[in-house]
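Okay, so here's the structure we're looking at.
Numbering (the numbering used here), first residue to last: 83 to 251.
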């Protein structure tokens, strides 16, 4: 890792690797503890640029490990160790310390990678859903090493989804 920002609204990480030629846009990135860190957005020469979870444009499908409810994990740009999980119905039992994992509902991250733990739970205004503050499993301040997830089925799945999308339009 040669660069990692945590204080802007659009945080990115730059990875350097001898295997960068095997990296591609859309690959998920995890820390040494298999906690999700971000997604590759560009590859060039010996480097790969990663959109961090701490980027206002990052949206990851997250799941409450205990109950199985799925929502969207995003960052509001305020605190580099807190992200927000939305879309969880207020009928769901959620408590501080509950684990949030990747849902597996994408080609980027497999199901079960740690995203973080519930810090606070609020009712979203004008909806019947919770807004859940999640302390990230990865410490972005001290992050030094990261690894790419090579889902060899990703290109095939994305091609099929693109084809299905064209048929529905």
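The beta carbon of each residue, even a glycine, is placed where N, CA and C say it ideally should be. Because the structure is a prediction, the values reported are computed rather than measured.
{"Check": "Where residue 205 falls, given that 16 or more other Cβ within 10 Å makes a residue buried", "Outcome": "exposed"}
{"Check": "Contact check, residue 165 vs residue 203, beta carbons under 8 Å", "Outcome": "no"}
{"Check": "Burial state of residue 208 (16 or more Cβ within 10 Å)", "Outcome": "exposed"}
{"Check": "Identity of the residues DSSP links to residue 154 by a beta bridge", "Outcome": "143, 168"}
{"Check": "Residue 247 (DSSP reduced to helix, strand or coil)", "Outcome": "helix"}
{"Check": "Candidates 247, 245, 137, 109, of which the one nearest residue 231 by Cα", "Outcome": "109"}
{"Check": "C-alpha distance - residue 119 paired with residue 249, whole-angstrom precision", "Outcome": "34 Å"}
{"Check": "Helix, strand or coil at residue 239 [DSSP, three-state]", "Outcome": "helix"}
{"Check": "Neighbourhood of residue 149 by C-beta, 6 Å cutoff - its chain only, sequence neighbours within 5 removed", "Outcome": "174"}
{"Check": "Assigned secondary structure, residue 84 (DSSP; H/G/I helix, E/B strand, else coil)", "Outcome": "coil"}
{"Check": "Proximity to residue 199 [Cα-Cα], best of 92, 131, 146, 128", "Outcome": "146"}
{"Check": "Anticipated Cβ contact below 8 Å, residue 122 with residue 132, distance rounded", "Outcome": "6 Å"}
{"Check": "Strand pairing of residue 129, partner residues [DSSP]", "Outcome": "98, 126"}
{"Check": "Whole-number beta carbon distance between residue 86 and residue 137, since they are thought to touch under 8 Å", "Outcome": "With a Cβ gap of about 12 Å, residue 137 and residue 86 do not count as contacting."}
{"Check": "7 Å Cβ shell around residue 107 - same chain, five flanking residues per side excluded", "Outcome": "122, 123, 124, 125"}
{"Check": "Per-residue DSSP class, three states only, for residue 218", "Outcome": "strand"}
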